[in-house]
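Protein chains in written order, with our numbering: chain A, 603 to 851; chain B, 603 to 851.
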DNA sequence: GTTGATTTGAACAAAAATAATCAAAAATAA
DNA sequence: TTATTTTTGATTATTTTTGTTCAAATCAAC
């Protein structure tokens, strides 16, 4: 039995069973585990199977895995940013929090503070429901995709409040074009929040710096403080500071 | 059984059941709790599940807020009432739903209808987030105890809308004194909803009939239809009908 | 708030799987 | 036939995964 014959049988078995183990194949093909491993390495290199510890699996079963959820990306950075942002908050503050995933990471760090949070984000409400934080929910149409509230009523709602600090996320930001968004709704809401807050904090991981989205809606000056992660390029950070943004990390 | 295979099974289980616990998975996959935890950490990092204390949940419905123990009472009656109430709803309707637990039981029966629901109840929002229902969330102060939104802004929000039907719950109702509530907030909100709806449906299990709470806030005539359970006394039902309420069950 | 029970994550040890090495066997070429 | 290359399997060292224990964190109930 040569490699070509084994290859066929291995592929066939993997396809039938979905997942196989090395000793299993060794037994089936009457050969050693070492040989099976070498075969699997080759097949995996060719992309015909997915190599696992102890065996192999069908490729298509694995393909679902990668990035199903945007909010999963850069979790570590987001947490670091959120933690830094939480340091800015003082007891008694009234905060705006928008529906960005980075902003949502603030929740664990503010659970025990005596503050008021005004938000349109359902996950934020959910996470702070059993906390010492006083909550105010912005009303309006529910965007199921973003798990957040948008629309005319939301804008009017915000206009009735004032906050000490607004924590906002953003789809894109650049020195040349300022803030940009993927949709009208997000842009409108961000503007409304910024307008009604004494101090605007933009929470934004460094990968988003100097990226533009399709809708430019505000100049850099809308932002008072830009909180990002330590991966930020030093020269770039200086450039933002020159532009009048208080960049910290 | 390697990580990849466990991963598949975990995702499948979480998706089927909505929520799982660590020991449950450990038993199911014949492995230790520690291994399950490590798996869950990875899956959560990839954003495929939401990690909770003791287990994991589907990412979509992290909003799930277990209703207080109150909702456990008379579940059977409440479901029967809700099912009867759902029959009144037609495609295209715009509904108000208040934050009562009986009203919340409507959700399973309206998931697939093409209607718009305006509500101040967080559990209702949560249950309908993945449904064909268009949602409008009433904004204002969040009452953590009742998992609902109240206050001035809520009242103003409601005043801006009009619904075909309002489904409301109540703390007390009697022929002699009409509707009564345990707090100003509930009373105010109920009134606001009733005012803006063409038809007011009161969902109320029979045990609440002829009970008075401390705040009387509206006459019986506020209610167009009273939906209750089959346990209701026949003579009492007739008395309500005499008083002009369309009582059904 | 404080207590008490559970859950968690880190550290370590054991087990399993892998890759590297090397010698023997098989296939190929000279 | 003999020399050379390739493949294979055994041995060993390394890596990966897993399970246990325990202190710290978290939750829930009071």
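The beta-carbon is built from N, C-alpha and C at its ideal position, and this holds for glycine as well.
A Cβ of chain A is located within less than 8 Å of the beta carbon of residue 744 of chain B.
For residue 699 of chain A, the nearest beta carbon of chain B is not closer than 8 Å to its own beta carbon.
Under the 8 Å criterion on CB atoms, residue 605 of chain B is classed as interfacial with respect to chain A. Interface flag for residue 785 of chain B against chain A is unset, since no Cβ pair is found closer than 8 Å.
Between residue 807 of chain A and residue 792 of chain A the beta-carbon gap is near 17 Å, outside 8 Å, which marks them as no contact. Residue-level contact by beta carbon fails for residue 638 of chain B and chain A, as no gap is shorter than 8 Å. DSSP places residue 813 of chain B within a strand segment (E or B) once states are collapsed to three. Just measuring C-alpha positions, the residue of A/720, A/785, A/775, A/782 sitting nearest residue 809 of chain A is A/775. Taking a contact as a CB-CB distance under 8 Å, the pair residue 816 of chain A and residue 768 of chain A does not count as one, their CB atoms being some 23 Å apart. Residue pairing by DSSP places residue 788 of chain B in no beta bridge whatsoever.
Separation of residue 634 of chain A and residue 663 of chain A (C-alpha to C-alpha, rounded to the nearest whole angstrom) is 27 Å. Contact between the segment 782 to 791 of chain A and the segment 822 to 836 of chain A is absent: fewer than 3 CB-CB pairs across the two stretches fall below 8 Å. Sequence-distant Cβ neighbours of residue 801 of chain B in its own chain, meaning closer than 6 Å and more than five residues away, are 767, 826.
Taken through DSSP and simplified to helix, strand or coil, residue 728 of chain A comes out as helix. Just so you know, the alpha carbons of residue 632 of chain A and residue 731 of chain B end up roughly 54 Å apart.
Classified as exposed, residue 605 of chain A has fewer than 16 neighbouring CB atoms from the shown chains inside 10 Å of its CB. The continuous alpha helix (DSSP H) containing residue 836 of chain A extends over residues 836 to 844. Going by DSSP, residue 637 of chain B is part of the alpha helix (DSSP H) stretching over 635 to 647. Taking 9 Å as the cut-off between beta carbons, the residues of the segment 725 to 737 of chain A near chain B are 725, 727, 728, 729, 730, 731, 732, 733, 736, 737, in sequence order.
Looking at the backbone, the Cα of residue 624 of chain A and that of residue 833 of chain A are separated by about 41 Å. Chain A places no beta carbon closer than 8 Å to that of residue 752 of chain B, leaving this residue out of the contacts.
At a Cβ-Cβ threshold of 8 Å, residue 616 of chain A and residue 653 of chain A do not count as neighbours.
As the crow flies, the alpha-carbon of residue 742 of chain A is around 55 Å from that of residue 643 of chain A. Contact with chain B is found for residue 740 of chain A, since one of that chain's Cβ atoms lies less than 8 Å from the residue's Cβ. In this structure, residue 717 of chain B places its C-beta atom within 8 Å of the C-beta atom of residue 697 of chain B.
Residue-level contact check: residue 679 of chain A does not touch chain B, since none of the beta carbons of chain B fall below 8 Å from its beta carbon. With fewer than 16 other Cβ atoms from the protein chains shown falling within 10 Å of its own Cβ, residue 754 of chain B counts as exposed. Residue 655 of chain B sits away from residue 681 of chain B, with the two beta carbons spaced by 8 Å or more. Between residue 610 of chain B and chain A, the shortest Cβ-Cβ separation is below 8 Å.
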